[in-house]
Amino acid sequence: MARSLFGKKLETEFELRGRVLVNMLSRNRFYRWGLPLLALLFLASTGCEKAGDSSKPSTLDSPTQAADAAKNTALPSSSPDEPTSETQANDVAATVTVEIISTADFKSLLDAQKGKWLLVDFWGTWCVPCRELLPHTVSVGKKFADKLVVMPVAIDDAAQKDEIARVLSQSGYAGTAYCVREGISMEAFENLEIAGGALPHLRLYDPEGNLAAAFGVDALPPTAEAIDAELEKQLGE
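If you're matching positions, the sequence shown starts at 22 in the numbering used here and goes up one per residue.
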């Protein structure tokens, strides 16, 4: 099920932060640290805007820092796939290059991929359903490697580059991925025209660059089954 950041109407920046926090707390290793995270979030939400400038949307650096603080204190994951040392984590992420792009650059990325089918996966390190779906996105890229290019685009803070690379590597992805410069913001979702501001959100483009299918709010469900069915129909395998 897609996770909405600000619903059908734009929410306040505070509500946006709250939804990000809920996503973070839904990850098992953060349960124990829920209260410290909540305290950090409230501190961030009251101190990130300049006095007298409330008309301008604030950045989400502070919630990201709160997430980083939680990671630094969280217990190690018990997953056997999780790297057990900083060196191992760096080795795992070395197969992924994360480029920071503006949302205005997205169309040029699409144009550069014309000639093959393209599956764009908009996701975030803070989005649990996104992380669960990533291995499937990678697997269909390998299955249709002669016809299909997979492009992960993270809606995350640029400071999360290493975490983005680590999560993608653990999902089996290798190559170039992208992170939007606008970060976790209303601006990013509006510019990318992601319906409902909800993730996961995927788009399938044909070799001419036309949108063939979308998965998310007001579209096909962002599930492995729906994606498989559409790829089989469109790519003819």
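From the three backbone atoms N, C-alpha and C, an ideal C-beta is built for every residue, glycine too.
Since this is a predicted model, take the numbers as computed values, not measurements.
Please state whether DSSP places Q149 in a helix, a strand or coil.
Sequence inspection shows Val at residue 149; the Gln mentioned does not correspond to that position. If DSSP states are grouped into helix, strand and coil, V149 belongs with the helices.
How many angstroms separate the CA atom of V171 from the CA atom of L220?
17 Å
Identity of the residue in P150, L130, D239, E120 nearest A186 by Cα:
Ranking P150, L130, D239, E120 by Cα distance to A186 puts E120 first.
So, for A179: in the same chain, excluding its five sequence neighbours on each side, which residues have a beta-carbon less than 8 Å away from its beta-carbon?
Same-chain partners within the cutoff: I121, C200, R202, G204.
Hey, which unbroken runs of the alpha helix (DSSP H) at 4 residues or more fall wholly within the segment 115-169?
127-133, 149-164
Considering only C-alpha positions, which residue in the set H222, A209, L256 is nearest to D126?
A209
On the DSSP bridge assignment, give the partners of R224 in chain order.
V141, A235
How far does the beta strand (DSSP E) with A195 in it extend, from its first residue to its last?
No beta strand (DSSP E) contains A195, which DSSP labels as neither H nor E.
Residue closest to T116, alpha-carbon to alpha-carbon, out of P156, T197, L140:
T197
Take E157 and list the residues in its own chain whose beta-carbon comes closer than 6 Å to its own, dropping the five residues that flank it on each side.
Reading off the sequence shown, one finds His at residue 157, where the question assumed Glu. The answer, listed in chain order, is A245.
Can you tell me which residues form a DSSP beta bridge with L189?
Bridge pairing for L189: absent [DSSP].
Taking Cβ positions, are A166 and G145 nearer each other than 7 Å?
no
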